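Asker:
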Amino acid sequence: MPRHETETDAELLQGTLDMLILKICALEPLHGYGIVQRLHQISKESLNIRQGSLYPALYRLERKRWLKANWRTTDGGRDAKYYNLTKAGREQLEREQESWKRLCDAISLVLETNE
Amino acid sequence: MNWLRWIRHGKWEREMDSEMRFHVESQIRDYIRQGMNRSDAERRVRREFGAPELAKDECRDQMPFAGVDHLRGDLRIAIRSLSKNPGFTLAAILTLALGIGANTAIFSVIYAVLLKPLPYRDADRIFVSQVELADRRGPENSGRLAGTIQQYLEWRTEATLFSGIATMRPGRWNVAGDGEPERIDGAVVSSNFFSFLGAPVAPGREFLPEEEMPGKDKVVIISDSLWHRRFASDPNILGRRINLQGEPHEIVGVAPASKVMPGGPILYFHFGPRIDIWKPVAPTTQDLQGESWDQILLLRLKGVENSESGRDQLRTLLNPPGWQRPGRSELIPYLVPLREVISGNVRLRLLLLLGASQLLLLIACTNIAGLLLSRTASRSSEFAIRIALGATRSRVLTHLLAESTLLALIGGGIASVFSFAAVRLLTDRGPAAIPFLSQVRVNVPVLLFTMLMSIITGLMCGAVPAWKAYRRDAAAGLQEGGRAALGGSRAAAIRQVLMGVQIALATALLASAALLLHSFVKVVGADRGYDIERVMTVPLFPTVQGAQRVEFFGTLTDNIRSLPGVIAAGAISGIPVRGDSGSQVVYLGDDVNNTVMLQRPIAGFRNTTPGYFAASGSTLVAGRFFTEHDPVTTAVVSESLASLLWPGEPLNKIPGHTIHQGSVQSPLVSVVGVIRDVRHGAVDKSLLPQIYRPYLPPRIFSDMTLVIKTSAAPSALVPAVRAVIRKADANIPIPAIQTMQEVVSSTVAERQFQMTLTVLFAILALLLAAIGVYGVVSYAVASQTRDIGLRIAIGSTRQEILRRMMSKGMLVVFIGLIAGLAAALAAATGLRSLLYGISPYDPVALLGVAIVLLSTAFCACYLPARRASRLDPMIALRHE
Chain A
0 MPRHETETDA ELLQGTLDML ILKICALEPL HGYGIVQRLH QISKESLNIR QGSLYPALYR
60 LERKRWLKAN WRTTDGGRDA KYYNLTKAGR EQLEREQESW KRLCDAISLV LETNE
Chain B
0 MNWLRWIRHG KWEREMDSEM RFHVESQIRD YIRQGMNRSD AERRVRREFG APELAKDECR
60 DQMPFAGVDH LRGDLRIAIR SLSKNPGFTL AAILTLALGI GANTAIFSVI YAVLLKPLPY
120 RDADRIFVSQ VELADRRGPE NSGRLAGTIQ QYLEWRTEAT LFSGIATMRP GRWNVAGDGE
180 PERIDGAVVS SNFFSFLGAP VAPGREFLPE EEMPGKDKVV IISDSLWHRR FASDPNILGR
240 RINLQGEPHE IVGVAPASKV MPGGPILYFH FGPRIDIWKP VAPTTQDLQG ESWDQILLLR
300 LKGVENSESG RDQLRTLLNP PGWQRPGRSE LIPYLVPLRE VISGNVRLRL LLLLGASQLL
360 LLIACTNIAG LLLSRTASRS SEFAIRIALG ATRSRVLTHL LAESTLLALI GGGIASVFSF
420 AAVRLLTDRG PAAIPFLSQV RVNVPVLLFT MLMSIITGLM CGAVPAWKAY RRDAAAGLQE
480 GGRAALGGSR AAAIRQVLMG VQIALATALL ASAALLLHSF VKVVGADRGY DIERVMTVPL
540 FPTVQGAQRV EFFGTLTDNI RSLPGVIAAG AISGIPVRGD SGSQVVYLGD DVNNTVMLQR
600 PIAGFRNTTP GYFAASGSTL VAGRFFTEHD PVTTAVVSES LASLLWPGEP LNKIPGHTIH
660 QGSVQSPLVS VVGVIRDVRH GAVDKSLLPQ IYRPYLPPRI FSDMTLVIKT SAAPSALVPA
720 VRAVIRKADA NIPIPAIQTM QEVVSSTVAE RQFQMTLTVL FAILALLLAA IGVYGVVSYA
780 VASQTRDIGL RIAIGSTRQE ILRRMMSKGM LVVFIGLIAG LAAALAAATG LRSLLYGISP
840 YDPVALLGVA IVLLSTAFCA CYLPARRASR LDPMIALRHE
């Protein structure tokens, strides 16, 4: 599949970005660049976040207290802002996964109907 | 502003910066590791990341302080764009300052007079009782009486729903002994008066209950200003003696006048403009036997009671079981809130003034909205570019609102500064009849009002242009390019509508002003039944007693009459407007029983010396005036009293008829003359019939006023008159000598105050409207320059161009005028109670307004239209 950054970006469904960020932060605390890299890697290079929209999303999630940020030194010896999932964030992630699953099931039902 | 931002969220900004920098640098490092050279990697990252500033902005939007940030940005841009166009900015700020300033000044008066809590304890539970005779109800409260001393004494114990009751009535005394003899205004009050109001007496004490006994009442409390003025703030003032009417009184206290009841007219009582002495009320046995409605009763309702039940209790007390007997009418009490009694009669005038100033501000708003609209139209490409670059429409909207609000706030700031001067002018020159006027201040509530008005004004001015910009299509704005500098035709249409609204508002304001002005002219020119030109009045309070006073005035008036330049001189116990010596029922001579009381008229009575009628310019209708030889049992009656007593009888048959004054037991009095009615009150109040009796024993008033008719301006004679009076009695205080003109002008002072300010506002409104019209037509000329040039080039005459440009403007003016007149007619009924001698649809006033407005608007249209007709077609065609 030929891949173009801007196309995949557009394919990210509205509202799923928040869920993906929460999910990735649930695995381990990461900084913004790490989140992009991890998403890229986990999705086998098929999902790419436009960096410009990552940070507004991170700040939004932080304000809703689903993410908590703290400054740490990276392995490379630089200061970076790491995002942790909070308890409220974990609950939110579960809720979103739940409804995402229901949506997918429903869509599959529709698409797999014969005739 | 920047340092503020630094303190408030500098750390936040720095962290966001380094977070994004970290991201970008990590990505670049990764690309280099994948084998790209540095500059390629940097370029790629820049493309992928997008504009970092945009991302940052979006992040800021997520934060709770985003709104503040936006506002600050808007304000910064607004300041920048306003300072780029200082002419426009200055004009707009001054216009708004004018409108807001007018509102601030009027509101400061309204606040002090109508809104500020009265400075008394539990002031909203204090009521003034008034009583009406059920069978003698007059129109509009005119027949209401105040209270009697007996009611005070009875209700003190019996009116259980009230926690307290106090009385007051006007008092006026000759003060002599220490320093210049002078006449000082004051009040006679119950002993609990000060504690009832919660007014402090310091130094000293308030009156004691036993000081309400005749003989023990030789004590006074003086005002702080009298203490400073007459006693030089003597620290040992308590216990000092002061001579009132020749009797020594002990000063027992000093009270701040501002914390006690104000002077001026209250109900039908005339208190002096300043109250400087309080003395305890001490009814004599004679007072207690008579019935005199000469007390103002203040009652404080208990906390749990409402005024209706309080009123019911008074009704029961006033009409005890078995009250019904012939000649006795049921007494109906009213409880009027103290605030209403003090300032009720000026409320409507003040509110209408506020209305007028609000109209003025609205007109100013329309002007600014029109100007902003043209500005927005010419800046449409700026907005289009901003939207194309990613500004949201609502940001452009708030930006425009911020701009107009900033203008209005600066205008409001200037207005507040100037309002200090305006308020000083109002308190110095305003009519004394407005209570608490001296206490009008620019204070925190007034400034809050100003700020609120500024913000509302700013939003209103900005609303139309902001909406216009909001709706605008970015692409259209860009395409219009330079041509958009003159705005779309839609903006021009909106400006025409605004201009029409403005003319309508100005017309309505002008019409109200014209009605008030015409009323004022009618009031001043009204037939009062006495002369006001070249008449001097001197209130005098002789120190001699009893019958000696008759002689004193006899000699005095003879001496004054012999002065060169004096035509006539006399004295009366109550001159029109100022004086009042009481009113009584007048019976027919053959009435034998008081049962007819309700059918007989009430008339004001006055005692006069023989020279009075000639001096005051009264007009004799039948019979004759008094002569020196008339006994006390003669009377002169006014025309209206004659027609009430002897309806239908020809006036020349009236002299010779007999009457009783006060009661049928009183001596028979024979009428010697009938004079034309004299308006003893203000001309716009109802007319009270009058009976005049000679100034002879047994009833010798101490309060008399000399009335002197002169052949030239009275002022020239003042020193001579003063000298004659001094010669007659060296100790008599001579208060300010006034002309009758001055006396009368005090009755129209409130009317004049309202009229002057309304006319001032209307003139300003007219000017603003003219500027508005001028602006719209100039704008039309400017935007059609090419078109006009073309027309001239292909043969239009300059006359045609002139007519064409003018007719459009004048059409809008005409529509606005009609709408404004219709609005004024609808609103005029609200003015009705303030008009005198004209109807709310007064054709003179309304026609005058139409002429003034049309001619002003004509000039405002003509100037720019003439400029259009003189355009050089060659230059006009090249115009972009």
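Sequences listed follow chains A and B, in order.
Per numbering that gives the first Met the number 0, the very first residue in the first sequence carries number 0; after that it's consecutive.
Per numbering that gives the first Met the number 0, the very first residue in the second sequence carries number 0; after that it's consecutive.
Backbone N, C-alpha and C define an ideal beta-carbon position, used for all residues, glycine too.
Source: prediction; values computed, not measured.
1. Just verifying my parser: in three-state terms, what is the DSSP assignment at K215(B)?
2. By Cβ distance below 7 Å, which residues in the same chain neighbour D772(B) in space, the five residues on each side in sequence not counted?
3. Return yes when the Cβ of N558(B) is within less than 8 Å of the Cβ of V723(B), no when it is not.
4. Which same chain residues, not among the five before or five after S832(B), have their C-beta less than 8 Å away from its C-beta?
5. Can you tell me the Cα-Cα spacing of D78(A) and W70(A), whole angstroms?
6. Assuming contact is defined by CB atoms lying nearer than 8 Å, are V251(B) and G197(B) in contact in what I supplied?
7. Helix, strand or coil for H227(B) per DSSP?
8. For A826(B), which option in T506(B), A681(B), G610(B), A792(B) has the closest C-alpha, if you only look at C-alpha atoms?
9. Note down, one range per segment and in chain order, each alpha helix (DSSP H) of at least 4 residues found wholly within the region 532-577 of chain B.
10. Among residues of its own chain, excluding the 5 on either side of A281(B), which ones have a beta-carbon nearer than 8 Å to its beta-carbon?
11. Taking all protein chains shown into account, decide if D73(B) is buried (16 or more other Cβ within 10 angstroms of its Cβ) or exposed.
12. Who are E246(B)'s beta bridge partners in DSSP?
13. Contact criterion: CB-CB distance below 8 Å. Does G76(A) meet it with respect to chain B?
14. Since P538(B) and P734(B) should fall inside the 8 Å C-beta cutoff, what is the C-beta to C-beta distance between them, to a whole number of angstroms?
15. With contact counted as at least three CB pairs below 8 Å, one residue from each stretch, are the region 156-165 of chain B and the region 244-260 of chain B in contact?
16. Under the rule that 16 or more other beta-carbon atoms within 10 Å means buried, what is M15(B), buried or exposed?
17. Can you tell me which of L81(B), S782(B), L801(B) puts its alpha carbon nearest to the alpha carbon of A407(B)?
18. What number of angstroms, rounded off, separates the C-alpha of L351(B) from the C-alpha of I99(B)?
19. Whose C-alpha, out of N102(B), R273(B), L144(B), R59(B), is nearest the C-alpha of S582(B)?
20. Provide the residue(s) that pair with L82(A) in DSSP beta bridges, ordered along the chain.
21. From K22(A) to K55(B), what does the alpha carbon distance come to, in whole angstroms?
22. State buried or exposed for Q357(B), treating a residue as buried only when at least 16 other CB atoms are found within 10 Å of its CB.
23. Would you list, in chain order, the members of the region 12-25 of chain B that have their beta-carbon closer than 9 Å to a beta-carbon of chain A?
24. Looking only at C-alpha atoms, which of H69(B), I105(B), L287(B), W645(B) sits nearest to P444(B)?
25. Given this structure, state the Cα-to-Cα distance separating A875(B) from S377(B), to the nearest angstrom.
26. So what does E181(B) bridge to, in DSSP terms?
27. Which whole-angstrom value is the C-beta distance of L834(B) and L514(B), which I expect to be below 8 Å?
28. Which residue marks the beginning of the beta strand (DSSP E) containing L334(B), and which one marks its end?
29. Put T506(B) into one of helix, strand or coil per three-state DSSP.
30. Can you check whether the CB of P261(B) is closer than 8 Å to the CB of P434(B)?
31. Please report the straight-line C-alpha distance between P234(B) and V200(B), rounded to a whole angstrom.
32. Listing by chain order, which chain B residues have their CB less than 7 Å from the CB of T51(A)?
33. Note down, in chain order, every chain B residue with its Cβ under 8 Å from the Cβ of A79(A).
34. At least one CB of chain A closer than 8 Å to the CB of E41(B): is that the case?
35. State the start and end residues of the unbroken alpha helix (DSSP H) segment that holds Q753(B).
36. On the three-pair Cβ rule with 8 Å, is the region 17-30 of chain B touching the region 27-41 of chain A?
Answerer: According to the data block:
1. coil
2. It should be pointed out that residue 772(B) corresponds to Val in this sequence rather than to Asp. Same-chain partners within the cutoff: M498, G808, V812, A856, A859, C860.
3. Contact: yes.
4. L347
5. 7 Å
6. no
7. helix
8. Nearest Cα to A826(B) within the set T506(B), A681(B), G610(B), A792(B): T506(B).
9. 546-560
10. E210, E211, M212, P213, G214, K215, D216
11. buried
12. L243(B)
13. It does not: the Cβ of G76(A) has no partner Cβ on chain B nearer than 8 Å.
14. 6 Å
15. no
16. buried
17. When each option's Cα is compared against that of A407(B), the closest is L81(B).
18. 16 Å
19. Nearest option by C-alpha distance: L144(B).
20. It should be pointed out that residue 82(A) corresponds to Tyr in this sequence rather than to Leu. In DSSP, Y82(A) forms a bridge with L29(A), A68(A).
21. 24 Å
22. buried
23. E14, M15, S17, E18, M19, F21, H22, V23, E24, S25
24. I105(B)
25. 19 Å
26. V174(B)
27. 6 Å
28. 330-336
29. helix
30. yes
31. Taking the Cα positions, P234(B) is about 14 Å away from V200(B).
32. Before going further, note that residue 51(A) is Gly rather than Thr in the sequence given. Those within 7 Å of G51(A) in chain B are F48, G49, L53, A54.
33. E18, F21
34. no
35. Unbroken alpha helix (DSSP H) run through Q753(B): 748-782.
36. yes
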